[in-house]
Every structure is written in C-alpha cells, then in structure tokens.
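Engineer:
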Amino acid sequence: MALPLVHALFFTLFLLCLKTKAEDFVAARNLAGTCNLFRGKWVYDASYPLYDPSTCPFIDPQFNCQKHGRPDKLYQKYRWMPFSCPLPRLSGVVGLLCRFNGLDFLEKYRGKKIMFVGDSLSLNQFNSLACMIHAWVPKSRSTFRQRDALSSVTFEDYGVELYLYRTAYLVDLDREKVGRVLKLDSIKSGDSWIGMDVLIFNTWHWWTHTGSSQPWDYVEVNNKLFKDMNRFIAYYKGLTTWAKWVERNVNPAQTKVFFLGISPVHYQLTKPVYFLDVTTLSQYRKDAHPEGYSGVMATDCSHWCLPGLPDTWNELLNAALSG
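One point on numbering: in this note's numbering, the residue at position 270 of the sequence shown is 274, and numbering is uninterrupted.
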C-alpha cells in the first residue's frame, strides 16, 4: 500500500507546479454551497449496508467478498459524515444523512443515461450504483448487457440506463504491428460516450504500472513512438487530450461531467467538470479492500468489497448532482 501512496504524493506535488487557471476547474463541493462534502469522518451505522450482496445480480464476483469467505461484516457498517454539511437526500432535500432512496433516484433520472468511464474502479462504482437501485425495486424489470468494453444495466420500468465503458487510460490503447501502443493524443473511443446525461470519469491506477504489469509496449505522441515516458507527464498529456474531447463534445446544458479520484488539472477547459475528491476518505478505509477475499488474486488492495466504500462514492455523486 505504501507505493501507491508515494505515487499519489509525488503526483500531487507535480500538479501544484502546473500553471493552470482557477476557472478551469470546478470542484463538486462548490455545488453544495459552502459545504466540503469530502472532509469528514467515518461513523458506525448499524442500519448499513444499503443492499444485500446475495440478492444483487450486478456484483462482479471479485468484489463480492462475502461470497469468497470473508468472515466479518464490520466494514459494511460505516457511513461518511462530512464535518461541515449534511448529505442531501436523493430528492434533493438537504437533511440529515438519509439512506439512499432508489425510487427517488429512478424518478429523478427517468429516461436518462448515466455512464461510468474508466478502469476497474469504475466497474466497482458501476456495480455499486446498480445494486443500490436494485435493492429498492427488486421485482422491477432490469436488463444486463455486455459487449466488448461496454456494459449496461437498464431499469426497464423507468427507462434509466447505467453504462460502463472500460478504458484504463481514457485515451486509446491500440494493437499495431510494433506492439501495443498507448496513444496519448488519440481518443477515438470517446465516440461511445456521446449522448449521455451524466458522465463519471476515472483514470490513474494503470498509469503507475511498469514492467510486465503495464499493458502497453510503446507510447505515441504526435505520431512519434517512445519506449517509455515519465508517467506524470504521460498522465498530463493523456488528460489534456481528454479535456479537449470534453470541450468538443459536451454540452453543459445537457450533460454533467464528473471526475473521480485524483484532481484532473489541465489547461484551457472551459466546460465545468466536477471533481469528486474521494482519495482521502478512501485512504481511511483500507479495511474495506477485498485483500484475500476476491477469488481472483492472493491480495487485492486496489479494489473495494461490495457493499462498501463505492456506495459512499455514489452517495457523494448524488449530492453533487442534487446541488
């Protein structure tokens, strides 16, 4: 766990050195007035979790820690309490830390499309929201589809569509004659993201991978191939390409854009992107990792058990949407 924290620290220092305009970035906390939703504490709540993993058909097996023999459930019993403000209810009414109301959510987003775009942490969050909603309408018609990088859950009776587009880097990773090429100035996959009402982006984890664990052989910038590149610079170039995509393709009157995790600092982005600053509150919860109960790897300290921490990410996402 120490190495990712070191990466995050150095990356934060790197971002502080970048010359960016203050208006380029809108934090989700601003949507809640003077509240900072992302500074607070975890409190025990016996009424949690928000759903039973044994009855949700949308949990990826690697996140179902109870199914893989985890003996304790204490990690499921915590909710996030911001210091300076309460979380709003899904109806938009600000009150105490109310339980998630899936019926309100379905009515509010009736006929809407919500897409998570990113790596396996986006899968974590996508599964979480699907289960949070399903717990309220277990007998309602729902459909799960998966094809290549795109997965979807549709709640048929409400016309609410949740999508997941799996892409580790947001920018394109193509297989060519020379090998696997990470193209920092290409984002053709973005064609699949157009037409959504809400977009939630995430990327960082894979940028730090090196050696045999990295899924590319070359980095391409301006039609030039490089065997390697400083990862922070590569990340910055990749996010700059993503920011240009947002500028060209997002109409703020129709689509709300969020970025989860490490701050997406970039140049010349005039469209509002709301930062879900979940890094610190997530670091408090190392107890919520699958570790040896994922059924996939010996020790998984990258993802999160479900139910668990990603449910809080979605509660905070809703707070930002309701602001």
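All residues carry an ideal CB built from backbone N, CA and C; glycine is no exception. Nothing here was measured: the structure is a model prediction, and the numbers come from that model.
1. What do you get for Asn66, buried or exposed, if any count of 16 or more other CB atoms within 10 angstroms of its CB means buried?
2. Under a three-way DSSP split, which group does Phe159 fall into?
3. Quick one: what's got a C-beta closer than 7 Å to Asp49's C-beta in the same chain, skipping five residues either side?
4. With Asp315 as the anchor, note down where its alpha helix (DSSP H) starts and where it stops.
5. When you compare only the Cα positions, how much space is there between Glu165 and Ala324?
6. With a CB to CB cut of under 6 Å and the five nearest residues on each side skipped, what residues in its chain are close to Trp317?
7. Assuming the contact rule is C-beta atoms closer than 8 Å, Leu310 and Pro57 should be a hit. Round their C-beta distance to whole Å, please.
8. Residues in its own chain within less than 7 Å of Phe18 by CB, not counting five upstream and five downstream?
9. Please report the distance separating the alpha-carbon of Ser144 from that of Phe159.
10. To the nearest angstrom, report how far apart Leu54 and Val185 are at their CA atoms.
11. The alpha helix (DSSP H) spanning Gln328 covers which residue range?
12. Is the beta carbon of Tyr169 less than 7 Å from the beta carbon of Val121?
13. Identify whether Tyr239 lies in helix, strand or coil by the three-state DSSP scheme.
14. Can you tell me the Cα-Cα spacing of Gly265 and Leu125, whole angstroms?
15. Using DSSP's beta-bridge definition, name the partner residues of Glu180.
16. Are the CB atoms of Lys260 and Met200 nearer to each other than 7 Å?
17. DSSP three-state label for Thr147, please.
18. Can you tell me where the beta strand (DSSP E) holding Lys81 begins and where it ends?
Structural biologist: A quick look at the data gives this:
1. Residue identity differs from the one stated: residue 66 is Gln in this sequence, not Asn. Burial call: buried.
2. Strand, per DSSP.
3. Lys81, Tyr82 and Arg83
4. For Asp315, the enclosing alpha helix (DSSP H) starts and ends at Leu313 to Ser326.
5. 19 Å
6. Gln129 and Val282
7. 6 Å
8. Residue confidence is low: Phe18 scores 37 on pLDDT, short of 50, so the model does not pin down where it sits. Its coordinate-derived value is still stated next. Same-chain partners within the cutoff: Phe236.
9. Near 7 Å, if we compare the C-alpha coordinates of Phe159 and Ser144.
10. 41 Å
11. Past the boundaries of the shown model lies residue 328; the chain is included only from 5 to 327, so the question cannot be answered.
12. Yes, these two residues count as a Cβ contact at 7 Å.
13. helix
14. 10 Å
15. Gly183
16. no
17. strand
18. Segment: none, Lys81 is in no beta strand (DSSP E) and carries neither H nor E.
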